[in-house]
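Participant: Listed in order, the protein sequences are those of chains S and A.
Under this note's numbering, think of the first position of the first sequence as 125, with each following residue one higher.
Under this note's numbering, think of the first position of the second sequence as 443, with each following residue one higher.
Quick one: structure below, then a few questions.
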Amino acid sequence: MPARPRCHARYETIMADAQKKAACIQFERELPACLEGELLPFVPAHARECPGCAALWSDLVWMRAAVKELPPAEPSPVVWAGLRARLEAEGVFHSPTRGWRFILAWPLRPQAVPLAVIGLLVALGVPLTLPRPVLRPAPGPIATESLFPSAPDLVTAEDRVLASLGKELETSFRAREVSMTPELKATYEKSLLSLDGSIRECLESIAAQPANTLARDYLLAAYTSKAEVLSSALEFEGR
Amino acid sequence: MSDRFIVARRCARLILVSSAYTALAAVAGAAGPGSTEKSFDTTRAPRISIINVNGNVVVRGWERAQVHAIYRVASPRAEVDIESFPPAGAAEKLRFSTHLLDWTLPGKDQVADYTLDVPVDSSLQIRNPQGSVRVEGIQSDSSVESVGGNIMVGDYAGHLSVQSIGGDIELVRTVGNVDAHSITGSLHFVSPAITRLRGATTSGRILYEGDFLEHGEYILSAYSGDVEVICPVAASYELSARTVKGKVINSMPITRRRESATPAGSAYSLLGVHNAARATVELTSFSGAIRIRPEGP
C-alpha cells in the first residue's frame with residue numbers, strides 16, 4: 125500500500141522536527157548557565173549538530189571572550205547619581221551634611237547617639253569655661269530626673285538647640301535601659317544619680333560663687349563623666 | 443592552757459589555712475568540669491582582646507610566646523568565639539568574645555569565666571561589663587573596662603587605662619602611665635612607680651600609698667569622696683591641694699606658698715613644697731576631705 129510508506133515517512137519527518145525543536149528548546153534553556161561556567165555537555169554537543177544553534181553558540185562564545193579582553197569601564201556619572209538617589213530614597217544611607225545640619229542629623233542614627241552626647245557636652249563646656257564678668261543666678265531648682273540640668277547661661281540659639289538635642293538623647297537612653305539586666309541598670313542608675321547630684325551641687329556653688337573656677341571644673345567634669353556613662357550605657361545596650 | 447598547746451594549735455590553723463589557699467589556687471588554675479582549655483602560638487607581643495558580658499576575667503603574663511586559655515560558660519546558650527589573626531602560624535592578634543545566643547538570658551546564665559596566660563609583652567584590651575577583671579605581670583599598653591565589676595591590676599608596666607563605672611579599682615606595683623576612672627567606685631594605688639597618674643572618681647574615695655617619682659605628675663580628683671595620700675617622709679613633691687567644700691588635712695612638713703581661699707574662689711587650698719619638689723602632686727575634691735600623711739602608724 126503506497127499510502128502507508130508515505131504516511132510513515134511523514135510521521136518520521138514530523139517526529140524528527142519535533143525532536144529537533146525539543147533539542148533546540150533545551151539548548152536555549154541551558155545556554156545561559158553554560159555560558160556562566162556550569163558544566164552542561166548537551167549545549168556544545170547540540171551546537172555541533174544544529175547549524176542554527178551552532179551560529180548562536182559561536183557568536184556568544186566570541187562575545188564572551190571579547191568582553192574579557194576589555195578594560196574595566198567606569199559607569200556613567202548619570203548611573204551613579206541615579207543609584208545614589210535610589211539608595212537615599214530607600215534610606216540605605218544619607219547624604220553628608222555639614223554644620224548644624226550634620227549635628228541635627230545625628231539623633232536619627234542610633235549609633236551616633238553616644239557621640240552626640242559628647243558633642244553636646246563639649247559645646248556646653250565651652251561657655252562654662254569661658255571667663256564671664258557676671259553670672260546670672262540659677263533659674264530655680266533643677267529637676268533631678270533631668271540628665272542635663274540647664275546651665276544658668278544657656279541663652280544662645282545654639283545652646284537652645286543643644287539643650288533640645290540633650291532631651292532627645294535622654295529619651296533615647298531611657299527607652300533603651302529597659303533591655304538591660306537589672307544589675308547593669310542598677311549600676312548605671314546609681315552612677316547617674318551620683319552625677320546628677322554633683323551637677324546640681326556644682327550649679328548651686330557656681331550660682332553662689334560665680335568666680336569659683338574649681339566648681340566650674342567639677343561641673344565640666346561631671347558633664348563629661350555623664351556623657352561617658354551614657355555612651356557606655358548605649359554601647360552596652362542589653363548587656 | 444600551756445604555751446606548747448597554743449603554739450601547736452596556731453601551727454595547725456596555719457597549715458589548714460595554707461592548705462585551703464593551695465586548694466583554691468589549684469582550682470583556679472586548672473580547667474574544671476565544663477571548662478574548655480586551648481593554647482595558641484603567638485608572637486612575643488600579641489594584641490589580645492577579651493570581650494565578655496559577665497563573669498571573672500583573669501589574665502597573667504608569662505615568658506612563653508603562647509596563650510593558654512581556660513574558659514567556662516554558664517549556659518549552653520552562651521558560647522565563646524575565638525578569632526586568631528593570621529589564621530595560621532604565630533598569632534599577632536587574638537580575640538576572645540562571649541557570644542550570647544539569647545539576649546534575654548538572666549544575668550547568672552550570661553556568665554563566662556576566663557583565665558588566660560599570655561606573653562608578658564601582650565597588649566590587652568579587656569571589656570567585662572558585669573564582671574571583675576584581674577591582670578598580673580604584663581609589660582605593655584592595655585585598657586581594661588567594666589561597668590559594675592572590680593578591677594585589679596598588679597605588677598604591671600606600661601600605659602594603663604582602667605575604667606569601671608561602679609566597681610573599685612586597685613592597682614598594685616604599677617609602673618608607667620596610668621589613667622584610672624570610676625564614678626561610684628574607689629581607687630586604690632599601692633606601691634606605685636607611676637610617672638604620670640590621672641585618677642578620678644565621683645562618689646568613691648581615693649587612697650594612694652607610696653612614693654612619688656622624680657618628674658612624676660600625679661593628679662587625683664574625687665567629688666564627694668575623700669582623697670588620702672600616704673607617702674614616705676623622704677618623698678619630694680610640690681603639692682596643690684584644693685577643695686570647694688571639703689577640708690585639707692596635711693600631716694607632712696611643708697613649705698607653704700599660699701593658703702586659704704585663692705583668688706580663683708576655691709574655698710580651701712594648700713599649695714606648698716615638701717622636700718625638693720621633684721614631683722608634682724595635685725589633689726582636688728568638691729566636698730570630700732583631702733589628707734596627706736606620712737607612712738607608718
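Glycine included, every Cβ here is placed at the ideal spot set by N, Cα and C.
#1: Who are the neighbours of R684 (chain A) on chain S, taking C-beta pairs under 7 Å?
#2: Find the residues of chain A that neighbour T348 (chain S), judging by a C-beta separation of less than 7 Å, and give them in chain order.
#3: Is there a Cβ from chain A that is less than 8 Å from the Cβ of L358 (chain S)?
#4: Under 9 Å, CB to CB, which of the residues in the segment 557-572 of chain A have a partner in chain S?
#5: If you measure between the beta carbons of T540 (chain A) and V495 (chain A), is that distance less than 8 Å?
#6: Give a yes or no on whether 8 Å exceeds the smallest Cβ distance from Y650 (chain A) to chain S.
#7: Where DSSP assigns a beta bridge to C673 (chain A), which residues make up the other side?
#8: Leaving out five residues before and five after E521 (chain A) in sequence, what residues of the same chain have Cβ atoms less than 6 Å from its Cβ?
#9: Name the one or two DSSP bridge partners that F482 (chain A) has.
#10: What distance in whole Å lies between the Cβ atoms of I611 (chain A) and S385 (chain A), which are believed to be in contact at a cut-off of 8 Å?
#11: Could you pull the start and end residues of the beta strand (DSSP E) that A721 (chain A) belongs to?
#12: Alpha helix (DSSP H) containing A339 (chain S): first to last residue?
#13: Count the other CB atoms, across all protein chains shown, that sit within 10 Å of the CB of L613 (chain A); report buried if there are 16 or more and exposed otherwise.
#14: Taking the beta carbon of D559 (chain A) as the centre, do at least 16 other beta carbons fall within 10 Å, making it buried, or is it exposed?
#15: Specify whether the segment 624-634 of chain A and the segment 296-303 of chain S touch according to this definition: at least 3 beta carbon pairs, one from each stretch, less than 8 Å apart.
#16: G549 (chain A) CB to nearest chain S CB: under 8 Å?
#17: Do you know how far the Cα of G476 (chain A) is from the Cα of A345 (chain S)?
#18: Does E307 (chain S) have its Cβ less than 8 Å from a Cβ in chain A?
#19: Establish whether the CB of V589 (chain A) and some CB of chain S are separated by less than 8 Å.
#20: Going along the chain, which residues of its own chain have a beta-carbon closer than 7 Å to the beta-carbon of Q150 (chain S), five neighbours each way excluded?
#21: The alpha helix (DSSP H) that contains A310 (chain S), what's its start and end?
#22: Whole angstroms is fine: what's the gap from S329 (chain S)'s alpha carbon to T697 (chain A)'s?
#23: Taking the beta strand (DSSP E) that V586 (chain A) falls in, what are its first and last residues?
#24: Applying the criterion that 16 or more other CB atoms from any shown protein chain within 10 Å of the CB defines a buried residue, is D544 (chain A) buried or exposed?
#25: Applying the criterion that 16 or more other CB atoms from any shown protein chain within 10 Å of the CB defines a buried residue, is M594 (chain A) buried or exposed?
#26: Taking S296 (chain S) as the reference, give the member of S:A331, S:N336, S:E359 with the closest Cα.
#27: Distance, Cα to Cα, S318 (chain S) vs L681 (chain A)?
#28: So which residues of chain S does S645 (chain A) contact, with C-beta pairs closer than 7 Å?
#29: With 9 Å as the limit, tell me which residues of the segment 663-691 of chain A have their beta carbon closer than that to any beta carbon of chain S; keep them in chain order.
#30: Can you check which of these residues, A:N498, A:G497, A:I524, A:I492, is closest to F482 (chain A) by C-alpha distance?
#31: Excluding five sequence neighbours on each side, which residues of the same chain lie with their C-beta closer than 6 Å to the C-beta of N498 (chain A)?
#32: Would you mind reading off the limits of the beta strand (DSSP E) that contains V686 (chain A)?
#33: When you compare the CB positions of P571 (chain A) and S588 (chain A), do they come within less than 8 Å of one another, or not?
#34: Rounded to whole angstroms, what is the Cα-Cα separation between I636 (chain A) and V620 (chain A)?
#35: Please identify, using Cβ separations under 8 Å, the residues of the segment 722-739 of chain A that lie next to chain S, in order along the chain.
#36: For S491 (chain A) and E659 (chain A), I'd like the C-alpha separation in whole angstroms.
Facilitator: In this structure, then:
#1: Reading the second sequence from its first residue, position 242 is the one you call residue 684 (chain A). By Cβ distance, chain S contributes L338.
#2: Your numbering for residue 348 (chain S) matches position 224 in the first sequence. Ordered by position in chain A, no residue passes the 7 Å Cβ test against T348 (chain S), which lies about 10 Å from the chain.
#3: For this step, residue 358 (chain S) is matched to residue 234 along the first sequence. So no, L358 (chain S) is outside the interface.
#4: R569, P571, Q572
#5: Working through the second sequence from its first residue, we reach residue 540 (chain A) at position 98. Working through the second sequence from its first residue, we reach residue 495 (chain A) at position 53. Closer than 8 Å, so yes.
#6: Taking the second sequence and counting its residues from 1, one reaches residue 650 (chain A) at position 208. No, its Cβ sits nowhere closer than 8 Å to a Cβ of chain S.
#7: The residue labelled residue 673 (chain A) in the question sits at position 231 within the second sequence. Its beta-bridge partners are A:P736.
#8: Residue mapping note: residue 521 (chain A) aligns to position 79 of the second sequence, counting from 1. Within the same chain, E521 (chain A) has close Cβ partners H541.
#9: Residue 482 (chain A) sits at position 40 when you count from the first residue of the second sequence. For F482 (chain A), which the question treats as bridged, DSSP gives the partners A:V509.
#10: Residue 385 (chain A) lies beyond the stretch modelled for chain A, which goes from 443 to 739, so this question has no answer here.
#11: Position 279 of the second sequence, counted from the first residue, corresponds to residue 721 (chain A). Where A721 (chain A) is concerned, the enclosing beta strand (DSSP E) stretches over 721-727.
#12: The residue labelled residue 339 (chain S) in the question sits at position 215 within the first sequence. 337-359 is the extent of the alpha helix (DSSP H) around A339 (chain S).
#13: Locating residue 613 (chain A) in the second sequence gives position 171, counting from the first residue. So L613 (chain A) counts as buried.
#14: Reading the second sequence from its first residue, position 117 is the one you call residue 559 (chain A). Buried.
#15: no
#16: Counting from one through the second sequence, the residue named residue 549 (chain A) turns up at place 107. Closer than 8 Å to some Cβ of chain S, the Cβ of G549 (chain A) qualifies, so yes.
#17: Start at 1 with the first residue of the first sequence, and residue 345 (chain S) comes out as number 221. Start at 1 with the first residue of the second sequence, and residue 476 (chain A) comes out as number 34. Between A345 (chain S) and G476 (chain A), the C-alpha separation is close to 45 Å.
#18: Counting from one through the first sequence, the residue named residue 307 (chain S) turns up at place 183. Output row for E307 (chain S): interface = yes.
#19: Residue 589 (chain A) sits at position 147 when you count from the first residue of the second sequence. V589 (chain A) counts as touching chain S.
#20: Counting from 1 along the first sequence, the entry for residue 150 (chain S) is found at position 26. Correct list, in chain order: F166.
#21: As a first step, residue 310 (chain S) must be located in the first sequence, where it is residue number 186. From DSSP, the alpha helix (DSSP H) with A310 (chain S) extends over 306-332.
#22: Position 205 of the first sequence, counting from 1, holds the residue named residue 329 (chain S). Position 255 of the second sequence, counting from 1, holds the residue named residue 697 (chain A). So the alpha carbons of these two residues sit roughly 30 Å apart.
#23: Taking the first residue of the second sequence as position 1, residue 586 (chain A) is located at position 144. It spans 584-588 - the beta strand (DSSP E) in which V586 (chain A) sits, taken as one unbroken run.
#24: Along the second sequence, one-based indexing puts residue 544 (chain A) at 102. Per the 10 Å Cβ criterion, exposed.
#25: Looking up residue 594 (chain A) in the second sequence gives position 152. Counting Cβ neighbours within 10 Å, M594 (chain A) comes out buried, since at least 16 surround it.
#26: Along the first sequence, one-based indexing puts residue 296 (chain S) at 172. Ranking S:A331, S:N336, S:E359 by Cα distance to S296 (chain S) puts S:E359 first.
#27: On the first sequence, residue 318 (chain S) is found 194 positions in, with the first residue counted as 1. On the second sequence, residue 681 (chain A) is found 239 positions in, with the first residue counted as 1. Computed Cα separation, rounded: 28 Å.
#28: Locating residue 645 (chain A) in the second sequence gives position 203, counting from the first residue. S318, listed in chain order.
#29: S663, Y665, S666, R684, T685, V686, K687
#30: Numbered from its first residue, the second sequence carries residue 482 (chain A) at position 40. Nearest C-alpha to F482 (chain A): A:I524.
#31: If you number the second sequence from 1, residue 498 (chain A) lands on position 56. Closer than 6 Å at Cβ, skipping near neighbours: D555, G573, S574.
#32: For this step, residue 686 (chain A) is matched to residue 244 along the second sequence. Where V686 (chain A) is concerned, there is no enclosing beta strand (DSSP E), given that its DSSP letter is neither H nor E.
#33: In the second sequence, counting from the first residue as 1, residue 571 (chain A) sits at position 129. In the second sequence, counting from the first residue as 1, residue 588 (chain A) sits at position 146. Yes. Within cutoff.
#34: Within the second sequence, residue 636 (chain A) is the residue found at index 194, counting from 1. Within the second sequence, residue 620 (chain A) is the residue found at index 178, counting from 1. When rounded, the distance between both Cα atoms is 7 Å.
#35: T726, F728, S729
#36: Here residue 491 (chain A) refers to the residue found at position 49 when the second sequence is read from its first residue. Here residue 659 (chain A) refers to the residue found at position 217 when the second sequence is read from its first residue. Cα to Cα, the separation comes out at about 29 Å.
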